[in-house]
Amino acid sequence: MKPAVPEHAAPPDARTRRAIPPVICYPPETLPPVDLPALRAAREGWDRIGEVMVPPRDARCFEVPAGHFFRVTSVEGAQVGDLNLWNAGDLNERFYSGKTRALHGTHLSTGDRMWSTFPALRPMATITEDTLDWYGFDAFGCSVHDVIGTRCDPYTHHLLSHGGQYHHCCHSNLTRALALAKGIGTDEAERHVHDVLNVFMCTGFSRDTGQYITKPTPVRPGDYLEFFAEIDLFGALSACPWGDCSVEMTSPEVSCHPLLVEIFRPVALPAGWQPARVNGYDRSHGL
Ligand SMILES: [Zn+2]
Numbered sequence: 001m002k003p004a005v006p007e008h009a010a011p012p013d014a015r016t017r018r019a020i021p022p023v024i025c026y027p028p029e030t031l032p033p034v035d036l037p038a039l040r041a042a043r044e045g046w047d048r049i050g051e052v053m054v055p056p057r058d059a060r061c062f063e064v065p066a067g068h069f070f071r072v073t074s075v076e077g078a079q080v081g082d083l084n085l086w087n088a089g090d091l092n093e094r095f096y097s098g099k100t101r102a103l104h105g106t107h108l109s110t111g112d113r114m115w116s117t118f119p120a121l122r123p124m125a126t127i128t129e130d131t132l133d134w135y136g137f138d139a140f141g142c143s144v145h146d147v148i149g150t151r152c153d154p155y156t157h158h159l160l161s162h163g164g165q166y167h168h169c170c171h172s173n174l175t176r177a178l179a180l181a182k183g184i185g186t187d188e189a190e191r192h193v194h195d196v197l198n199v200f201m202c203t204g205f206s207r208d209t210g211q212y213i214t215k216p217t218p219v220r221p222g223d224y225l226e227f228f229a230e231i232d233l234f235g236a237l238s239a240c241p242w243g244d245c246s247v248e249m250t251s252p253e254v255s256c257h258p259l260l261v262e263i264f265r266p267v268a269l270p271a272g273w274q275p276a277r278v279n280g281y282d283r284s285h286g287l
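The UniProt record's numbering applies: residue 1 is where the sequence shown begins, and numbers increase by one.
What follows is the structure, encoded as structure tokens:
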């Protein structure tokens with residue numbers, strides 16, 4: 001149990017120390033630029049080459065070649081989704097939620113990128129459209145499409161429910177989907193499942209205690225989040241058992257809906273565009 005009040009007296013200069021203004025750790029203008037108009041122009045006349053319907057409380061995998069687009073669309077009813085991305089040629093390179101958060105902030109929207117793990121650290125996908133960008137940050141400090149949560153999982157459920165066994169948390173949904181798609185066991189698949197982009201989820205940190213908070217998602221059928229694949233991608237999306245997050249996760253009132261993933265092939269790529277290259281650090285680490 002945490003103490004109710006601080007156990008240590010503030011130093012005499014506490015006010016001065018607290019009053020120092022913060023700085024942005026990673027100024028976004030220092031990142032490689034995104035040519036959003038050029039990417040969007042590549043949508044002109046594109047072909048829809050595939051779709052995957054993700055059933056409620058389950059997950060499905062999909063592939064997106066480099067230079068293609070994919071959309072995650074709300075269908076039938078408000079629903080949040082948990083997205084994992086891998087390098088299609090090497091599952092060890094996967095979405096790096098923590099670094100993406102450091103680079104772009106707690107929530108992603110148009111122009112932001114999903115970055116991959118070390119040592120590649122390169123953009124995997126660039127967000128080219130977000131129909132929920134109007135939401136911004138609300139009075140509670142919450143916004144949409146976070147990279148601050150992890151994914152609901154059966155281990156935390158087991159802890160908090162004092163022994164419960166539940167198999168349709170996003171972690172297990174993603175594990176099953178990856179195992180089935182790759183023909184591998186759940187033990188191996190689980191090692192590749194990672195912290196997600198919480199698509200359509202509305203979250204934040206409480207201002208007074210810094211705790212992870214969530215609200216009903218503002219998504220409505222027809223809303224979508226669209227990505228441009230910067231490398232060959234293998235993806236998995238779980239339609240979270242929390243549905244639209246409007247009631248307690250364990251409530252029998254939770255209603256869940258499918259999510260649609262669509263893949264699009266552009267007629268022509270932006271001039272000069274190349275798949276993202278792996279990071280140029282020499283990896284000698286000073287030794
Ligand atoms: Zn979930």
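Yeah, the Cβ is synthetic: ideal placement off N, Cα and C, and Gly gets one too.
query, result
"Three-state secondary structure assigned by DSSP to Cys61", "strand"
"Near ligand 1: Pro56 beta-carbon under 7 Å from a heavy atom", "no"
"Simplified DSSP assignment, three categories, for Pro6", "coil"
"Bridge partners - Gly272, DSSP secondary structure assignment", "In DSSP, Gly272 forms no bridge with anything."
"Residues that Met114 bridges to, as DSSP identifies them", "Ala125"
"Among Lys2, His104, Met124 and Ala59, the one whose alpha carbon lies nearest that of Gly67", "Met124"
"Stretch pair the region 209 to 227 + the region 65 to 79: three plus CB contacts closer than 8 Å", "yes"
"Distance between Leu237 and Thr73 (C-alpha atoms, nearest Å)", "11 Å"
"Proximity of Cys240 and Asp82 at Cβ, strictly below 8 Å", "yes"
"Cross-strand partners of Phe227 (DSSP beta bridge)", "Phe70 and Ile127"
"Proximity of Thr217 and Phe200 at Cβ, strictly below 8 Å", "yes"
"CB contact flag (Leu159, Val219, <8 Å)", "no"
"Closest residue to Pro6 among Thr209, Leu197 and Thr250 (Cα-Cα distance)", "Thr209"
"Any non-hydrogen atom of ligand 1 within 7 Å of Asp82 CB", "yes"
"Proximity winner among Leu260, Asp35 and Trp242, relative to Pro252 (alpha-carbon distances)", "Trp242"
"Inter-residue Cα distance where the pair is Asn92 and His285", "20 Å"
"Environment of Trp134 [buried if 16+ CB atoms lie within 10 Å]", "exposed"
"Through-space distance from Pro22 to Thr16, alpha-carbon basis", "13 Å"
"Same chain, Cβ closer than 6 Å to Arg151, five either side skipped, listed in chain order", "Asp82, Cys170, His171 and Val196"
"Three-state secondary structure (DSSP) of Arg94", "strand"
"Beta carbon of Val64 nearer than 8 Å to that of Ala177", "no"
"Opening and closing residue of the alpha helix (DSSP H) in which Ala139 lies", "Note, Ala139: premise wrong, no alpha helix (DSSP H); not H, not E."
"For Asp146 and Ser116, the rounded distance between their alpha carbons", "16 Å"
"Cβ shell of Asn198 (< 7 Å), same chain only, five flanking positions each side left out", "Val80, Asp82, His145, Asp146 and Gly149"
"Span separating the alpha-carbon of residue 303 from that of Met114", "Any property of residue 303 remains undetermined from this structure, which presents the chain solely from 1 to 287."
"Trp242 CB to nearest heavy atom of ligand 1 below 7 Å", "yes"
"Helix, strand or coil at Glu29 [DSSP, three-state]", "helix"
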